[in-house]
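Working notes, structure below.
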Amino acid sequence: MHRRIRRTHIAYAVSAFSELGQKEFSGKLNYKANHFGMQNFDLNLSGGIGKKWLYTADMYQNFDPGSFKLRFTDYADHTQIYHLSLTRLLNNGKGSISLLYKYSNSKNPGNFANAAPFIYAGDGSIKTIEGFDPGMNSYVQRQGSFPYLNTKTGKMDTWNMTDVNDNHANEVALISKYQFDNGWQWKLNAKYMITIN
């Protein structure tokens, strides 16, 4: 999929405004894998409905166990993004109006687990600490939870890495443009998004 990232938000995956469909049917599938077991799927289907309508549907799936085994979860990064859009062509292609919906769900406990201790040598290189291989080992506890003192309550609590790394977003967007005969162009883009993390 060809995507432009226009801005970033907390718990926001990508902004997909560039692939809104075309009159001919098109399908694209990208697949990536690595020797650690990561699998990544990216699928786009698009086409026309009659003379004045276009559609596109995207699916992105990432299953990444990371470079070392996290004992409290199967994936260091498990991301899902689904995107649907319907476009109405106006006045022989002078304009268009599109309605888009996107759902994203990202669980990324590997974000915290990738930190590793090392000694900075001062010349841009690092020295490893004995028994610890950066990128292959982690000092995250095996059960994936940490006891901590809650400063608001004064009591001990437990921070669970599988619970605090869920990011969900639902987004509805309206994209419209029109090219007038006098050379002026009108654009209106609106977006409503709910994020839960």
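Whatever position you read off the sequence shown (first residue = 1), add 126 for our numbering.
Cβ coordinates follow ideal geometry from the N, Cα and C atoms, glycine included.
| Query | Result |
| --- | --- |
| Simplified DSSP assignment, three categories, for G173 | strand |
| Supposed contact pair P235 and N188 - C-beta distance, whole angstroms, cut 8 Å | Incorrect: roughly 14 Å between the Cβ atoms, too far for contact. |
| Identified DSSP bridge partners for D203 | D190 |
| Other residues of its chain near G270: CB distance less than 8 Å, five sequence neighbours each side excluded | L196, R197, F198, T199, P235, N286, M287, T288 |
| First through last residue of the beta strand (DSSP E) which encompasses D307 | Here D307 belongs to no beta strand (DSSP E), and DSSP marks it neither H nor E. |
| Reference Y229; option with closest CA among Y186, S152, I175 | Y186 |
| Beta-ladder partner(s) of F151, from DSSP | Its beta-bridge partners do not exist; DSSP assigns none. |
| C-beta atoms of K303 and S222 nearer than 8 Å | yes |
| Reduced DSSP secondary structure (H/G/I, E/B, other) of S251 | coil |
| Own chain partners of A139 with C-beta closer than 6 Å, once the 5 adjacent residues on each side are dropped | Below a pLDDT of 50, predicted positions are generally treated as unreliable, and A139, at 43, falls in that range; no measurement from the model is reported. |
| Cut-off 6 Å between Cβ atoms - residues of its own chain near F314, not counting five sequence neighbours on either side | The sequence as given places Leu at residue 314; Phe does not occur at that position. Excluding sequence neighbours, L314 sits near S302. |
| Opening and closing residue of the beta strand (DSSP E) in which M282 lies | 282-286 |
| Coarse secondary structure for R197, derived from DSSP in three states | coil |
| Beta-carbon spacing of G147, G176 below 8 Å | no |
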